[in-house]
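**Student:** Structure in structure tokens, see below.
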Ligand code: DCP
Ligand code: MG
């Protein structure tokens with residue numbers, strides 16, 4: 032019999048905004064939008080809770096955010112600050128439990144099974160961690176506690192802002208039933224639309240359906256969805272244990288121009304710089320990539336992604352750049368004007384560096400998110 036487990040999902044509140052508030056406390060409590068200036072191209076990375084009241088949210092164009100909330104304070108993003116604070120968050124968590132997995136820059140799962148003697152019951156443990164996080168980082172977080180990571184993640188979201196929520200084992204179905212299907216990790220806009228079209232709006236509607244039906248309609252993913260609707264760790268990342276297969280799946284960098292450009296020299300030099308950044312990240316992680324991908328966005332927002340797999344994995348900037356440049360020339364719409372406003376490069380299918388095989392992933396125990404294109408603007 033497997034031992035019942037207790038997981039925390041810890042997610043920092045309005046992360047980028049909160050970090051900016053540490054540097055400039057005058058921002059506290061105000062509508063703040065991180066990601067760029069109001070008139071710039073690009074999107075909102077993070078919005079303070081005060082700005083969210085006006086409908087502003089992450090991934091929204093900055094100009095739309097300005098229309099909704101002209102009084103907001105617009106702040107440029109500082110990726111190095113967020114990385115620094117992400118490290119601090121990781122430190123607090125790893126001092127608390129040996130089983131920690133960062134799932135993105137500001138969220139992590141930790142397994143606290145068997146820590147009762149040290150920290151007391153789960154709720155007490157979570158409050159202790161909550162206090163430690165605040166003391167060490169000056170940042171607020173929210174913590175979900177549950178017997179599965181999936182329910183822990185959903186409950187940390189329900190606990191926001193600055194809260195702790197424990198879904199006591201056995202009460203998962205009642206907790207999940209009234210929530211919108213969109214609350215289930217992995218259900219994005221498209222799946223939500225498909226589910227709505229089938230009359231499924233709440234997680235409870237999903238849980239009532241026959242698994243077979245979901246499988247027929249949505250394939251393997253449908254089966255995972257059925258499991259998720261019952262609060263089980265199912266599908267994709269949730270199929271494995273915390274800490275398994277650590278390390279990034281892909282590494283990418285991107286750039287959005289403030290002005291459209293069709294200047295090949297400028298575009299190529301951006302690609303060269305992005306290729307170097309990707310190469311550097313691969314080397315930092317001791318990884319090699321086999322598949323290289325170019326993403327190109329035009330001024331009319333049409334976006335193409337083109338990938339090519341090498342015979343041999345690489346971490347060398349010039350090899351990455353040669354491949355990316357070839358993909359670029361083979362695919363860009365030369366006549367389109369104005370052109371190319373974004374030229375991200377991405378490396379995936381990473382493999383450990385054979386020279387570092389003794390520690391194939393230098394960040395063992397953590398899984399880095401694909402380098403957040405969000406931090407570089409979209
Ligand atoms: N982020 C981004 N672009 C997005 C979503 C997020 O750049 N589309 C960045 C900014 C966020 C950080 O990632 O601060 C963490 O994302 P979250 O989804 O956890 O959002 P927040 O931490 O900002 O707010 P919340 O309190 O809802 O967690
Ligand atoms: Mg967050």
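In the numbering used here, the protein residues as written are 32 to 409. Don't be surprised by glycine CBs; every beta carbon is placed ideally from N, CA and C.
How would you label residue 320, buried or exposed, when you count the other beta carbons within 10 angstroms and need 16 or more for buried?
**Tutor:** Its Cβ being crowded by 16 or more others within 10 Å, residue 320 is buried.
**Student:** Could you compute how far the alpha carbon of residue 137 sits from the alpha carbon of residue 185?
**Tutor:** 15 Å
**Student:** Can at least three beta-carbon pairs, one atom from the region 66-83 and one from the region 195-202, be found at a separation below 8 Å?
**Tutor:** no
**Student:** Return the chain-ordered list of same chain residues with a C-beta closer than 7 Å to the C-beta of residue 130, the five sequence neighbours on each side being excluded.
**Tutor:** Spatial neighbours of residue 130 in its own chain (CB-CB distance under 7 Å, excluding positions within 5 residues in sequence) are listed in chain order as 141, 142, 273, 274.
**Student:** Are the region 52-70 and the region 149-165 touching, with three or more C-beta to C-beta distances below 8 Å?
**Tutor:** no
**Student:** Under 9 Å, do residue 73 and residue 349 count as touching if we go by C-beta distance?
**Tutor:** no
**Student:** State the start and end residues of the unbroken alpha helix (DSSP H) segment that holds residue 105.
**Tutor:** Here residue 105 belongs to no alpha helix (DSSP H); instead the beta strand (DSSP E) covers 104-106.
**Student:** Tell me whether residue 201, by its Cβ, gets closer than 8 Å to a heavy atom of the ligand DCP.
**Tutor:** no
**Student:** When the distance is taken between beta carbons, is residue 173 closer than 9 Å to residue 188?
**Tutor:** yes
**Student:** Tell me, please, which residues DSSP counts as bridged to residue 177.
**Tutor:** 38
**Student:** Measure the CB-CB distance between residue 54 and residue 88 and report whether it falls below 9 Å.
**Tutor:** no
**Student:** Based on the DSSP secondary-structure assignment, which residues constitute the bridge partners of residue 223?
**Tutor:** None; residue 223 has no bridge partner.
**Student:** Please output, in chain order, the residues near the ligand MG using a CB cut-off of less than 5 Å to any non-hydrogen atom of the ligand.
**Tutor:** 42, 43, 46, 137
**Student:** Closest to residue 63 by C-alpha separation, out of 39, 71, 101, would be which residue?
**Tutor:** Closest by C-alpha distance to residue 63, out of 39, 71, 101, is 101.
**Student:** Going by beta-carbon coordinates alone, are residue 168 and residue 116 separated by less than 9 Å?
**Tutor:** yes
**Student:** Please list the segments of the alpha helix (DSSP H) lying wholly inside the region 121-200, counting only runs of 4 or more residues, in order along the chain.
**Tutor:** 147-150, 153-168, 180-190
**Student:** Output needed for residue 226: all residues of its chain with C-beta closer than 6 Å, excluding positions within five of it in sequence on either side, in chain order.
**Tutor:** 212
**Student:** Report the residue from 268, 269, 237 whose alpha carbon sits nearest the alpha carbon of residue 257.
**Tutor:** 237
**Student:** Can you tell me whether DSSP reads residue 213 as helix, strand or coil?
**Tutor:** helix
**Student:** Tell me, please, which residues DSSP counts as bridged to residue 251.
**Tutor:** Residue 251 pairs with nothing; no bridge assigned.
**Student:** Between which two residues does the beta strand (DSSP E) containing residue 64 stretch?
**Tutor:** Element bounds for residue 64: 63-65.
**Student:** Say yes only if the C-beta of residue 96 is nearer than 8 Å to one or more non-hydrogen atoms of the ligand DCP, and no if none qualify.
**Tutor:** no
**Student:** For residue 368 and residue 330, I'd like the C-alpha separation in whole angstroms.
**Tutor:** With a pLDDT of only 48 at residue 368, under 50, the local geometry of the prediction cannot be trusted, and no value is derived from it.
**Student:** Once DSSP output is grouped into helix, strand and coil, what is the label at residue 92?
**Tutor:** strand
**Student:** What does a CB cutoff of less than 6 Å around residue 352 pick up in its chain, not counting 5 residues either side in sequence?
**Tutor:** Within its own chain, the residues whose Cβ lies closer than 6 Å to the Cβ of residue 352, once the five positions on either side in sequence are excluded, are 303, 306, listed in chain order.
**Student:** The ligand DCP and residue 221: does the residue's C-beta get closer than 8 Å to at least one heavy atom of that ligand?
**Tutor:** no
**Student:** For a test of your reading of the model: does the CB of residue 470 fall under 8 Å from any non-hydrogen atom of the ligand DCP? Yes or no.
**Tutor:** A query on residue 470 cannot be resolved here, the shown segment of the chain reaching from 32 to 409 and no further.
**Student:** To the nearest angstrom, how far is it from the Cα of residue 223 to the Cα of residue 296?
**Tutor:** The alpha-carbon atoms of residue 223 and residue 296 are separated by roughly 42 Å.
**Student:** For a test of the three-state rule: what should DSSP assign to residue 84, helix, strand or coil?
**Tutor:** coil
**Student:** Pick helix, strand or coil for residue 263, following the three-state DSSP scheme.
**Tutor:** The three-state reading of DSSP puts residue 263 in coil, since its state is none of H, G, I, E or B.
**Student:** Using a 10 Å radius around the Cβ and a threshold of 16 neighbouring Cβ atoms, would you call residue 105 buried or exposed?
**Tutor:** buried
**Student:** Can you look up residue 318 in the DSSP assignment and give me helix, strand or coil?
**Tutor:** strand
**Student:** For a test of your reading of the model: does the CB of residue 57 fall under 8 Å from any non-hydrogen atom of the ligand DCP? Yes or no.
**Tutor:** no
**Student:** Can you give me the C-alpha to C-alpha distance between residue 67 and residue 358, rounded to a whole angstrom?
**Tutor:** 30 Å
**Student:** Rounding to the nearest angstrom, what Cα-Cα distance links residue 327 and residue 338 in this structure?
**Tutor:** 12 Å
**Student:** What did DSSP end up calling residue 257 once you bin it into helix, strand or coil?
**Tutor:** helix
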